[in-house]
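Note that the sequence shown covers residues -8 to 137 in the numbering used here.
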Amino acid sequence: MEDRLDPTDALRQIGEIDRHTRRPARVAGWIFVTLGLCTMLYWPAMSLGPVWVQAAAGVIWVVLAVAGTFYMCTMKVQDREVTWVNKSTSPVTVAYVVSVAVTFVFGMFFRPENPGGVWIATLIVLAVLSGLPALYGGRRILRAGR
């Protein structure tokens, strides 16, 4: 006996398959958004927070990095946008690495004994700028999944 689909059932099944294959990409998009937001909070916490805040930020950062890397490596369906954003030579990755390196150098080597308002404001601006590439990558992935 042969199964025949009417056009409505065929479209419904196509929609289900499409949602099933795009779901991992949506999760990857939200991982990038979370990474961007956490990056913006990480640098002020590490540079200005008490020791317990620095320790918590470090642990959260490591957990996020391990979980995100594990998820990206175990994705069964490779989405074109996720692959482009996550590629080591993509503008998103390069901008993220460069901006994080600049923020790190500023926070580690140019921190005065008693940071003033200008130094803190500069750190906040650099922290926000360092999170923007990941936010852009996440937004791009999420918009492509529509």
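For each residue, glycine too, the CB sits at the ideal point set by N, CA and C. If you're wondering where the values come from, they're calculated on a predicted model, not measured in any experiment.
{"Item": "Can you give me the Cβ contacts of G128 inside the same chain, cut-off strictly under 7 Å, excluding the 5 residues immediately before and after it?", "Value": "F23, V76 and V83"}
{"Item": "I need the straight-line Cα distance from A125 to L26, nearest angstrom please.", "Value": "6 Å"}
{"Item": "Quick check: is the beta carbon of G98 nearer than 8 Å to any beta carbon in chain B?", "Value": "Considering every chain present, this structure includes no chain B. It has just one protein chain."}
{"Item": "So for S79, helix, strand or coil by DSSP?", "Value": "coil"}
{"Item": "Rounded to whole angstroms, what's the CA-CA distance from P41 to G59? Just pull it up for me.", "Value": "27 Å"}
{"Item": "Less than 7 Å between C-beta atoms, sequence neighbours within five positions excluded: which residues of the same chain meet that for V93?", "Value": "L117"}
{"Item": "Starting from the N-terminal side, write out each stretch of the alpha helix (DSSP H) that is 4 residues or longer and does not extend beyond the region 53 to 77.", "Value": "71 to 77"}
{"Item": "Please state the DSSP three-state secondary structure of M(-8).", "Value": "Bear in mind that a pLDDT of 44 at M(-8), under 50, signals an unreliable position, so the model cannot answer this."}
{"Item": "Looking only at its own chain, which residues have a Cβ that is under 6 Å from the Cβ of V44, when we skip the five neighbours before and after it?", "Value": "A36"}
{"Item": "Take the Cβ of M(-8) as the centre, count every other Cβ of all protein chains shown within 10 Å, and call the residue buried at 16 or more, exposed below.", "Value": "Here M(-8) scores only 44 on pLDDT, less than 50, and its place in the model should not be relied on; the value that follows carries that caveat. So M(-8) counts as exposed."}
{"Item": "Can you say whether Y33 is buried or exposed, counting buried as having 16 or more other CB atoms within 10 angstroms of its CB?", "Value": "buried"}
{"Item": "Quick check on the DSSP output: the alpha helix (DSSP H) that includes P103 runs from which residue to which?", "Value": "No alpha helix (DSSP H) contains P103, which DSSP labels as neither H nor E."}
{"Item": "Would you check if the distance between the CB atom of C29 and the CB atom of I5 is smaller than 8 Å?", "Value": "no"}
{"Item": "Should M31 be labelled buried (16 or more other beta-carbon atoms within 10 Å of its own) or exposed?", "Value": "buried"}
{"Item": "With DSSP as the reference, label G40 as helix, strand or coil.", "Value": "coil"}
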